[in-house]
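Chain order of the listed sequences is C and V.
One gets my numbering by counting positions in the first sequence from 1 and adding 204 to each.
One gets my numbering by counting positions in the second sequence from 1 and adding 5 to each.
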Amino acid sequence: MLSTFRLSLIAAVALLVTGCANNSPTLGSKNISYGDTKAVETVTNEFGSTDLQMIAESMTRSLAQSGTLQGRPVVQVYDVKNKTSEYIDTREITTSIKTQLMKSGTARFASDNTDMQSQVDQLKLQNQSGLYKPSTVSKTGNMVAAKYRLEGSISSIVKRSSDYKDVFYKFSLQLIDVESGIAEWMDEKEIRKTTER
Amino acid sequence: MRHTIFGLIALVLLAGCATPPPPAPGSAASKVVAMGDLKNIDIGPMRVARENGFMTVNVSLRNTSSYNKTLYYRFAWLGSDGFPVAEPETWKSLTLYGSQSSFLPAIAPVPKASDFRLEVKTP
Numbered sequence: 205m206l207s208t209f210r211l212s213l214i215a216a217v218a219l220l221v222t223g224c225a226n227n228s229p230t231l232g233s234k235n236i237s238y239g240d241t242k243a244v245e246t247v248t249n250e251f252g253s254t255d256l257q258m259i260a261e262s263m264t265r266s267l268a269q270s271g272t273l274q275g276r277p278v279v280q281v282y283d284v285k286n287k288t289s290e291y292i293d294t295r296e297i298t299t300s301i302k303t304q305l306m307k308s309g310t311a312r313f314a315s316d317n318t319d320m321q322s323q324v325d326q327l328k329l330q331n332q333s334g335l336y337k338p339s340t341v342s343k344t345g346n347m348v349a350a351k352y353r354l355e356g357s358i359s360s361i362v363k364r365s366s367d368y369k370d371v372f373y374k375f376s377l378q379l380i381d382v383e384s385g386i387a388e389w390m391d392e393k394e395i396r397k398t399t400e401r
Numbered sequence: 006m007r008h009t010i011f012g013l014i015a016l017v018l019l020a021g022c023a024t025p026p027p028p029a030p031g032s033a034a035s036k037v038v039a040m041g042d043l044k045n046i047d048i049g050p051m052r053v054a055r056e057n058g059f060m061t062v063n064v065s066l067r068n069t070s071s072y073n074k075t076l077y078y079r080f081a082w083l084g085s086d087g088f089p090v091a092e093p094e095t096w097k098s099l100t101l102y103g104s105q106s107s108f109l110p111a112i113a114p115v116p117k118a119s120d121f122r123l124e125v126k127t128p
C-alpha cells in the first residue's frame, strides 16, 4: 500500500517537473521582445522608422519605374540635406534608397563622398606599395564616372497649439544628368503626423 | 404544418452556417488578404498594368461609414510561382474621411513581380 503511494508521489512529482520544463528557444527577461520591423510606428511624432521606410520605398519605386534609368547607368548619390529642426540620420535614407535601387536592378552606384577616400587609398596601396602581384593589381584611371547624380532634401513644418502638435515632412529627390545639368526625374513624399494632447 | 415549420427553421439555420464561396482566381477579391473583418472599408475594382517593366496597381477604396476611418495596408509582391520576390513592405496607414472614395497606388519593387496581394487591417 505504502509502495503504491510512493510510486504515485514520484509519478506526480515527475509530471510536475516535466510540465514546468522550458522548451522555448528564448533566454532572458519576459519584458524584452523582438517586434515587427515593418510595423507602423507611432511612439512619438518625431521622424521614425516608418517614415524612413515609406520615403525610401516610395522614392525608389517611382524612380525605378519612371524609365529614366535605362541600361543600368552609374549614379552618384549625395547626402540628403536635413532642413528640419530635428536630428535625422539622412545617410540611412540614402543607404536604403541605394539598396532598393540596386535590388531592383536599375542602377549602379559610383563611390560616394564617404567611400571615395577608401577607394583612393585602396588603389594607391595596390599600385604604389609594391606588395601585390602585378597581374592582380587594379589599375588606376579605370574608375567609372557617374552619368547621373541623385540629390535630396528633407524639410519640416512644425506647429503646436495647446491641444495639438502637427509635423509635416516633405522629402524631395531629384536625378540630374551630370553632363547636361538637366534634372531628368523628380519626386516628393509628404508625411503628416499629428499628436492630440 | 409543424413539420413544415421545423423544416423551414432547419433550412434557415443551415443556410446561415454555409460558408461563402471562395473568390474566383484572378478576381479583385482574390488579391485581398484581410486580417480580420474590414470595418466600414469597401475594396472595389483594381487596375493592374505594367509600365516600364514594373507592375503597377491601383486599388479603389470606399469608406462606407460617415466617420473618418484608418486603414493599415501593405502589398506583397509575388512571382509567377506564387512566392514573394521581394522583402515584405512596411505597413502603411491611410486615413479615409467619412464616405470618401480613394485610390491606393502601388509599384512593384522588382520587374519580376507578376502578381500581388493586398494585406489590409482596420484598427
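Even for Gly, the Cβ is constructed at its ideal location relative to N, Cα and C.
If we ignore side chains and look at the alpha-carbon of each, how far apart do K337(C) and T344(C) end up? 15 Å
Compute the beta-carbon to beta-carbon distance between S339(C) and Q330(C), rounded to the nearest angstrom, for a pair I have assumed lies under 8 Å. Contact doesn't hold; Cβ gap of about 12 Å is too wide.
Using a C-beta to C-beta distance shorter than 7 Å, which residues of chain V count as neighbours of A268(C)? F59
Closer than 8 Å, CB to CB, is K307(C) near chain V or not? yes
Give a yes or no on whether 8 Å exceeds the smallest Cβ distance from T254(C) to chain V. yes
Mind pulling the chain C residues with CB within less than 8 Å of K97(V)? V244, T254, M258
Can you confirm whether G271(C), when its beta carbon is compared against all beta carbons of chain V, has any partner nearer than 8 Å? yes
Excluding the five sequence neighbours on either side, which residues of its own chain have a C-beta within less than 8 Å of the C-beta of V278(C), listed in chain order? A311, R312, F313, A314, V348, A349, A350, K351, Y352
Would you mind telling me which residues of chain V sit closer than 7 Å to E261(C), beta carbon to beta carbon, in chain order? E94, T95
Is the CB-CB distance between K285(C) and S357(C) below 8 Å? yes
Whole angstroms is fine: what's the gap from S237(C)'s alpha carbon to P229(C)'s? 13 Å
Here's the rule: buried if 16 or more other CB atoms are within 10 angstroms of the residue's CB, otherwise exposed. What is L354(C)? buried
To the nearest angstrom, report how far apart D316(C) and L327(C) are at their CA atoms. 16 Å
K242(C) bridges to which residues according to DSSP? Paired residues: none, contrary to the question.
Quick check: the Cα distance between K393(C) and Q257(C), rounded to an integer number of angstroms? 12 Å
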